[in-house]
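These notes concern the structure reproduced below.
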Amino acid sequence: MVTETRRLDHLAAVLSDRVEFPRGPLVIALSGGADSAAAAWLANRTSRVCRAIHVNHRLPDSSHLAGSARSISRRLGMELSEVVVREETDRTEDALRTARYRALTENSGPREIVITAHTADDQAETVLQNLLRGAGLDGLAGIPAHRGRFHRPLLGVWRSETRELATLAGLPWVDDPQNDDPRYLRNRIRRRLIPQLEAEYQPRLREGLVRLSALASADLAYLNEEASRIRVAISPEGWPQISCSGLVGLPRPISSRVVRRALRMVRGPHGGAAAEVQRVLDVAHGTTFRTELGGGVIVTRLGDRLIMAGGG
């Protein structure tokens, strides 16, 4: 018992040096697993105002996770809100993630900061998954440390460390059976591909992928900052418009980001795929004077003005 207590104190000190929670009231996305249990335990030690939200997807094993979340919150003396999401026919990874983030957003206050317990392992898996999809720099950057009110302070912590911490702290966490379901690409990458690559090619693969993410994130931040300096005007009708001569004179990594920023103005946060961005740039270069994109967005060139209309 003394040895375990000493190990817990040592591990807590080590992780506290790597984990920095943002200022303000915190809401822990508490799944019932080890990662979020460790995040809740570490956050509780900061003496911040903390509460937790558990999102129940009504999957076959959701009741076990909900029970674990209740037990963890009771052990920590932390207020817990349980949110049951509407049962969706689409049970893909992306659909479940979207529903979860929507529930966390709708059930937290505008001044609260939502903490999700993504770890360094999650980062490595995300980068490798994005590589398999042929992603660009944005994909290589992986999971951002923060976006809006969502913060991920455990990205510098490995899954083995969160499991050890949660166990030593006596938190009643459980494994999510969904994480073993081979129908999900993420699980096949985690359970099969990464172990095989580490065994046969590079034993420190995950560390390398996390390092790649950090390097890509730094480059991405610079390019986004440069792209933000380029003005995207609004036409009298309310559509974004860009100077064609100004756009074509930019390096491609910057011009593509300017185009995506304008596209987000007319059709939401996802902007456009690489092929669509190229079609917009073709209009700017004069290769063609009009193109129609998905979602009803029409891009036209009028003199030196590139105008994006529609999408609403």
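Per this note's numbering: the sequence shown = residues -15 to 296. All residues carry an ideal CB built from backbone N, CA and C; glycine is no exception.
query, result
"Check for me: the alpha helix (DSSP H) holding Thr89 runs from which residue to which?", "Glu77 to Glu90"
"Report the three-state DSSP secondary structure of Gly51 (helix, strand or coil).", "helix"
"Determine the DSSP secondary structure at Met62, reduced to helix, strand or coil.", "coil"
"For Ala246, which option in His269, Val267, Ile218 and Gly230 has the closest C-alpha, if you only look at C-alpha atoms?", "Ile218"
"Take Asp19 and list the residues in its own chain whose beta-carbon comes closer than 6 Å to its own, dropping the five residues that flank it on each side.", "Ala101, Thr103 and Thr146"
"Please state the DSSP three-state secondary structure of His41.", "coil"
"Mind checking which residues open and close the beta strand (DSSP E) that includes Gln225?", "Pro224 to Ser227"
"When DSSP labels each residue in this structure, what does Ile238 get in the three-state scheme?", "helix"
"Which one or two residues does DSSP pair with Phe134 in a beta bridge?", "Val98 and Arg131"
"Would you check if there are 3 or more beta carbon pairs closer than 8 Å linking the segment 160 to 180 to the segment 84 to 98?", "no"
"With distance defined between alpha-carbon atoms, name the residue in Ile178, His254 and Ile214 nearest to Pro237.", "Ile214"
"Using the rule of at least 16 other Cβ atoms within 10 Å of the residue's Cβ for burial, across every protein chain shown, is Gly126 buried or exposed?", "buried"
"Helix, strand or coil, according to DSSP, for Glu4 in the structure here?", "coil"
"Count the other CB atoms within 10 Å of the CB of Leu64; is the residue buried (16 or more) or exposed (fewer)?", "buried"
"Return the CA-CA distance between Arg172 and Asp45, expressed in angstroms with no decimal places.", "20 Å"
"Is Ala119 helix, strand or coil by DSSP?", "coil"
"So Ala108 and Leu193 are supposed to be a Cβ contact under 8 Å. How far apart are they, rounded?", "4 Å"
"Can you give the Cα-Cα distance for Val111 and Gln186, rounded to whole angstroms?", "16 Å"
"Going by DSSP, what residue range makes up the alpha helix (DSSP H) through Ala258?", "Ala258 to His269"
"Taking DSSP as the reference, what is the three-state secondary structure of Val68?", "strand"
"So Val283 packs on Arg289, CB below 8 Å; how close in whole Å?", "About 11 Å; that fails the 8 Å criterion."
"What does DSSP give as the partner residues of Gly294 in its beta bridges?", "Val281"
"Using a Cβ-Cβ cutoff of less than 7 Å, which residues in the same chain neighbour Glu276 once the five nearest sequence positions on both sides are dropped?", "Ile282"
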